[in-house]
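Here is the structure we will look at.
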Amino acid sequence: MRKALVDFRGERTQKEMADRYGVNQQTWSQWELGNSTPSAKNMIKIAKDAGRTVDELFFAGKY
Numbered sequence: 001m002r003k004a005l006v007d008f009r010g011e012r013t014q015k016e017m018a019d020r021y022g023v024n025q026q027t028w029s030q031w032e033l034g035n036s037t038p039s040a041k042n043m044i045k046i047a048k049d050a051g052r053t054v055d056e057l058f059f060a061g062k063y
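Here the sequence shown stands for residues 1 to 63, numbered as in the UniProt record's numbering.
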């Protein structure tokens, strides 16, 4: 998940991404670090915006 979120963010800041998904910058940072996981609602939004499935973006390699 960590690399996928960093790749998806691209040139945007963590703050920009956090604002887009209704969380604070610290929360987005924790997602990127793998210390916490987005809510199911945010997982779906992020995956849709990234053009990937929730499984591909958040659970690849975890099975």
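Beta carbons are placed, not taken as given, at the ideal position from N, Cα and C, and that holds for glycine.
List the whole-angstrom C-beta distance separating L57 from I44, where the pair is believed to meet the contact cut-off of C-beta under 8 Å.
Within the sequence shown, the letter at position 57 stands for residue 57. Within the sequence shown, the letter at position 44 stands for residue 44. Not really, about 10 Å apart at Cβ, beyond 8 Å.
Q14 and Q25 look like a contact to me (Cβ under 8 Å); what is the Cβ gap, rounded to whole Å?
Within the sequence shown, numbered from 1, the residue matching residue 14 stands at position 14. Within the sequence shown, numbered from 1, the residue matching residue 25 stands at position 25. Right, the Cβ-Cβ distance comes to about 5 Å (below 8 Å), so this counts as a contact.
At 4 residues or longer, what runs of the alpha helix (DSSP H) sit wholly inside the UniProt domain "HTH cro/C1-type" (13-57)?
14-20, 25-33 and 40-50
I need the DSSP call for A60, collapsed to helix, strand or coil.
The count along the sequence shown starts at 1 and reaches residue 60 at position 60. Looking at A60 - three-state DSSP - the assignment turns out to be coil, as it is neither helix nor strand.
Have a look at residue 77 and A40 and give me their C-alpha separation to the nearest angstrom.
Here the chain has residues from 1 to 63 only, and residue 77 is not among them.
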